[in-house]
Amino acid sequence: METKELERVVIRFTGDSGDGMQLTGGEFAKAAAEAGNDISTFPDFPAEIRAPAGSLFGVSGFQLHFSSSEIYTPGDAPDVLVCMNPAALKTNLKDLVDGGTLIVNSGAFIEANLKKAGYTENPLEGTGLQKYKVHSVDINHLTNTALDGSELTTKEKGRAKNFFALGLVFWMYGRETEAEIRRIYAQFAKKPGYGEANVKVFKAGYHYGETAEVFQTVYKVPAATFAPGLYRNITGNEAIALGLVVGAELAGKKLFYSGYPITPASSILHSLAKYKNFGTLTFQAEDEIAAIGAAIGAAYGGAIAVTASSGPGIALKGEAIGLGVMTELPLVIINVQRGGPSTGLPTKTEQSDLAQAVYGRNGESPIPVIAAKSPGDTFYCAVEAVKIATRYMCPVMLLSDGYIANGSEPWPLPDIAAIPRFDITHRTDPDGYFVYQRDPETLAREWVIPGTPGLEHRIGGIEKDALTGNISYAPENHEKQTHVRQAKIDRIAQEFGELDLYGETSGDVLVIGWGGTFGSLRQATQVLQRQGKKVTHVHLRWLSPLEPKLASVIRNFKHVMCAELNLGQLRQMIRAQYLIDVVGLNKVQGLPFMVREVTAAVDNLLSNVKASS
Amino acid sequence: MSEAVKIKLSKKDLETDQDVRWCPGCGDYAILATVQRSLASLGIKRENTVFVSGIGCSSRFPYYMNTYGFHTIHGRAPTLASGLHITRPDLDVWVITGDGDGLSIGGNHMIHALRRNMDLKIILFNNQIYGLTKGQYSPTSAVGTRAPSTPTGSIDHPLNPISLVLGAGATFVARCADTDAKLLASILERAYHHKGAVLIEILQNCPVFNDGVWEGVKDDPKGRQIVLQDGKPLVFADGTKGIKLGAGLVPEIVDVVDGDTSQLVVHSEQGSPLYAHLLAGLVQPSFPMPMGVLYRTDKPTYEALANQQVTDAIAKQGKGDLGKLMSSGMVWEVCADGSRKDRS
Chain W
1 METKELERVV
11 IRFTGDSGDG
21 MQLTGGEFAK
31 AAAEAGNDIS
41 TFPDFPAEIR
51 APAGSLFGVS
61 GFQLHFSSSE
71 IYTPGDAPDV
81 LVCMNPAALK
91 TNLKDLVDGG
101 TLIVNSGAFI
111 EANLKKAGYT
121 ENPLEGTGLQ
131 KYKVHSVDIN
141 HLTNTALDGS
151 ELTTKEKGRA
161 KNFFALGLVF
171 WMYGRETEAE
181 IRRIYAQFAK
191 KPGYGEANVK
201 VFKAGYHYGE
211 TAEVFQTVYK
221 VPAATFAPGL
231 YRNITGNEAI
241 ALGLVVGAEL
251 AGKKLFYSGY
261 PITPASSILH
271 SLAKYKNFGT
281 LTFQAEDEIA
291 AIGAAIGAAY
301 GGAIAVTASS
311 GPGIALKGEA
321 IGLGVMTELP
331 LVIINVQRGG
341 PSTGLPTKTE
351 QSDLAQAVYG
361 RNGESPIPVI
371 AAKSPGDTFY
381 CAVEAVKIAT
391 RYMCPVMLLS
401 DGYIANGSEP
411 WPLPDIAAIP
421 RFDITHRTDP
431 DGYFVYQRDP
441 ETLAREWVIP
451 GTPGLEHRIG
461 GIEKDALTGN
471 ISYAPENHEK
481 QTHVRQAKID
491 RIAQEFGELD
501 LYGETSGDVL
511 VIGWGGTFGS
521 LRQATQVLQR
531 QGKKVTHVHL
541 RWLSPLEPKL
551 ASVIRNFKHV
561 MCAELNLGQL
571 RQMIRAQYLI
581 DVVGLNKVQG
591 LPFMVREVTA
601 AVDNLLSNVK
611 ASS
Chain V
1001 MSEAVKIKLS
1011 KKDLETDQDV
1021 RWCPGCGDYA
1031 ILATVQRSLA
1041 SLGIKRENTV
1051 FVSGIGCSSR
1061 FPYYMNTYGF
1071 HTIHGRAPTL
1081 ASGLHITRPD
1091 LDVWVITGDG
1101 DGLSIGGNHM
1111 IHALRRNMDL
1121 KIILFNNQIY
1131 GLTKGQYSPT
1141 SAVGTRAPST
1151 PTGSIDHPLN
1161 PISLVLGAGA
1171 TFVARCADTD
1181 AKLLASILER
1191 AYHHKGAVLI
1201 EILQNCPVFN
1211 DGVWEGVKDD
1221 PKGRQIVLQD
1231 GKPLVFADGT
1241 KGIKLGAGLV
1251 PEIVDVVDGD
1261 TSQLVVHSEQ
1271 GSPLYAHLLA
1281 GLVQPSFPMP
1291 MGVLYRTDKP
1301 TYEALANQQV
1311 TDAIAKQGKG
1321 DLGKLMSSGM
1331 VWEVCADGSR
1341 KDRS
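Sequence lines, in order, name chains W and V. If you count the first sequence from 1, position 583 lands on 583 in the working numbering, and the numbers rise without skipping. If you count the second sequence from 1, position 106 lands on 1106 in the working numbering, and the numbers rise without skipping.
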């Protein structure tokens, strides 16, 4: 048996949505993280919870990239593809690299399944798979055999087959099994029979690799070098929940979170509902509008108020966000973006709600918009959103996306004590109080809360006098208030740190991106720079107000390319702001950018540079 | 000591310096005056009182109350009031709404706030018309209402606000006419002390777009209203008539002969929901309308339960520790020499 060392591997587990592929992928990711690899994951599943078995649209996948060097993305194309049924093979084979390893559950390649997947003959028997290293394993049969004598029903036994696949890849990559066995027992603690069976099957998979002489090689991906410190794996929605708890704590306030179930934002509510001992109050509202209404009410009462949704829900919240703008109350609104419009692609990723975030309300209704670049970054964005909302007294939109929300990465634990506190105090002095008098530095009005004697006042969505807060329809007053609401948001730029610029401040191509495409764009830029190309990547953390420091570099490049998972929403904003030509790299397939798509687009621009010079 | 000392307030203390902008003759003036006078006499703390409203004529109400106030957006007042009161159960939160705001655009929030038994005092001004948008028919307008949007008469059936809120789970349900200051004051006082979801329907007159719509009830209070008294029979017309139940629980108007009320229905505020629904079904023109407290029951409020869960969690798990929270799950340490240690 040969052991081959690899720098990095991309593996994709695919099967029916009931086959447990998300669990299998998640467990293998944990093992990779445990072994010290840098990891990046991409769960890709259908919106249907249990689509008809064997159907093409019911295929669920989980891609994991693990490496001994730093990585930013879940990988362009799998080196190893695990297919639990014909439909999974049909929909995923095209992505497998030439010469890649294909592990198929041959037991599922029966006539009925082949037919559902649209195969007229069994692909395992033809010549179509010759360019891959094919391992055809009857996982169904081997799982059943491993559970011979078990009291589980045949159906229950069948459900354990994903653990056979997991055991097999554990063996292939030399992973420690002990921790995994502990995790399986823990996970099925309430159903010990299942735990026992799953461990049996997991071990059977592992031993099959060891004893069956079909695998000539085992692979080793050495540990990556990480900065010293404590780490954990985290998904975007887990990190965002932690960030909200910490943000409220740093503000010295109570956290109130209200939401209405929607994919892919719901799990933020699930996490926060478990943090009651932090004083966190969560509220599952009757609809999206009620969720934001309750949040605004809580903000009025002095809580750190947060609501989250995805695009369709944010559309419903639009009028209430305007109320937050008008009454100038602090509020964090999270949009975990998915493919749109309408119901669109609930479980897939897209960045097409940027314009909605920046402009999507009636009237001149500016709000700051911040976007997270990775699962772990959502934590810091959440803390920052809480800080800005309370300091500037305004709703803040935090953009995440389905890819960040469900994807995971190793995350250095933040040093909470090192994050500056921003304790909030409320005015109690009734003398000389006016509802809309403003802080000269931030232009924020004061956050006066009910319960304060002598400061009783009325606010509302109707236009108010710029000082007293009484109803005013005066033409000059409305103009003044409209300008000051915008000026206040513009001032938030004074809080921005350094421009996140990777590369020289001048050159041939400037790649501009935002949000969850960060990893692909940064890695692509790294690849291009290593080839000696004059390419720089700028990542925009804030989209509203637009980063003013961009002005200092944007004219120093022969080409500016804005890469987004939409049809060019940021590109339009930059063009309008700077009156320069910006080309777009745009993709709307519900999938993140591949690194090679970005490098190809930049190379194409560079060939134009050469041609014209 | 502070408990015992009642703050002396007058109606004037609850007025603001803002001009009241309702149309001359609007029923809202009477309601405002009664609310101000009642709350003053109850000795409320102005700073702990919040009026939240939606959109519509009635929803301008908070601007005229010298308490905290929030004039929100159309139909959504119960949602803001809920979020406010969940996080600030120390406050007294009143919601002002109308038949369009509370039963049409905000119907969903109305039923859910009541279902949860949110400790909110909701006052619904029912004038059977949209006033602020210039007179369209509303969800409580009678069939055949001629309005700018229904020039040949409305064709959809009105809903019965009392039936709706009883079905939704309100725990204190009352009805009153806008000008009946005495009855309204007594309802407000009892609503103020009720812990849970209050719904007071006020039959309010819009003199511009729907003048006199409640005249059948208000013109002849003795003949067209049953003023409910807990434990007393349902009588009206100076005690000469009453309500009894026939076969199939069909209510019938009967004469009271020689003061014999033994066959009449006896009002019980804490009666069964079935009884309360029966009262809700007594509507003009077939019946006199019951006024006063139709139904009440005691149930834990949402705010109390939500905050209790927090208290219980802290008691059980200890006060949240951010360090522990950050390092929950699978944690490992990368040491200076690059080696790794499991720290889970």
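All residues carry an ideal CB built from backbone N, CA and C; glycine is no exception. Since the structure is predicted, the reported quantities are computational estimates derived from the model, not experimental observations.
Proximity below 8 Å, CB of residue i to CB of residue j
i: Gly322(W); j: Gly279(W); result: no
i: Gly339(W); j: Gly584(W); result: no
i: Leu81(W); j: Ser106(W); result: no
i: Arg232(W); j: Val1173(V); result: no
i: Pro264(W); j: Thr343(W); result: no
i: Thr1034(V); j: Ala1185(V); result: yes
i: Phe13(W); j: Met21(W); result: yes
i: Ser310(W); j: Gly259(W); result: no
i: Gly149(W); j: Lys203(W); result: no
i: Val553(W); j: Leu521(W); result: no
i: Asp1090(V); j: Cys1057(V); result: no
i: Gln356(W); j: Ile304(W); result: no
i: Cys394(W); j: Val325(W); result: yes
i: Arg60(W); j: Pro74(W); result: Here the sequence assigns Ser to residue 60(W), which means Arg is not the residue at that position. No.
i: Pro78(W); j: Leu89(W); result: no
Three-way DSSP call (helix, strand, coil) for residue i in this model
i: Ile618(W); result: Summary: the structure shown does not reach residue 618(W), with chain W confined to residues 1 through 613, and so no result is reported for it.
i: Met1001(V); result: Here the model assigns Met1001(V) a pLDDT of 40, short of 50, so the residue's position is not dependable, and the following value carries that caveat. In this structure, Met1001(V) counts as coil in the three-state DSSP scheme.
i: Tyr1130(V); result: coil
i: Asn335(W); result: strand
i: Val1208(V); result: coil
i: Phe62(W); result: strand
i: Asp1013(V); result: helix
i: Gln356(W); result: helix
i: His1074(V); result: coil
i: Leu1188(V); result: helix
i: His1194(V); result: coil
i: Asp79(W); result: coil
i: Asn92(W); result: helix
i: Asn586(W); result: strand
i: Lys1341(V); result: strand
Status (buried if at least 16 other CB within 10 Å, exposed otherwise) for residue i
i: Ile462(W); result: exposed
i: Asn1117(V); result: buried
i: Pro330(W); result: buried
i: Tyr473(W); result: exposed
i: Pro453(W); result: exposed
i: Ser365(W); result: buried
i: Gln1036(V); result: buried
i: Leu272(W); result: buried
i: Gly1246(V); result: exposed
Proximal residues to residue i (C-beta, below 8 Å), its chain only, five neighbours per side dropped
i: Leu1282(V); result: Ile1226, Ile1243, Pro1251, Pro1288, Met1289 and Pro1290
i: Ser1002(V); result: With a pLDDT of 45 at Ser1002(V), under the threshold of 50, the modelled position of this residue cannot be trusted, and the question is left open.
i: Leu634(W); result: One cannot answer for residue 634(W) here, as it falls past the ends of chain W, which runs 1 to 613.
Distance between beta carbons of residue j and residue i, contact taken as under 8 Å
i: Ile367(W); j: Ile489(W); result: 7 Å
i: Ile1122(V); j: Val1198(V); result: 6 Å
i: Phe188(W); j: Ala31(W); result: So it is not a contact: roughly 18 Å between Cβ atoms.
i: Phe57(W); j: Thr41(W); result: Their Cβ separation, rounded to whole angstroms, is 22 Å, which puts Phe57(W) and Thr41(W) out of contact at 8 Å.
i: Ala224(W); j: Asp38(W); result: 4 Å
i: Pro1233(V); j: Leu1264(V); result: 4 Å
6 Å Cβ shell around residue i - same chain, five flanking residues per side excluded
i: Tyr1192(V); result: Leu1042
i: Thr143(W); result: Ala160, Lys161, Phe164 and Val201
i: Val527(W); result: Thr599
i: Glu547(W); result: Leu540
i: Ala1004(V); result: Note that Ala1004(V) scores 49 on pLDDT, short of 50, meaning its location in the model is unreliable; the coordinates nonetheless yield the value given after this. So no residue of the chain qualifies.
7 Å Cβ shell around residue i - same chain, five flanking residues per side excluded
i: Met172(W); result: Gly209, Phe215, Val218 and Tyr219
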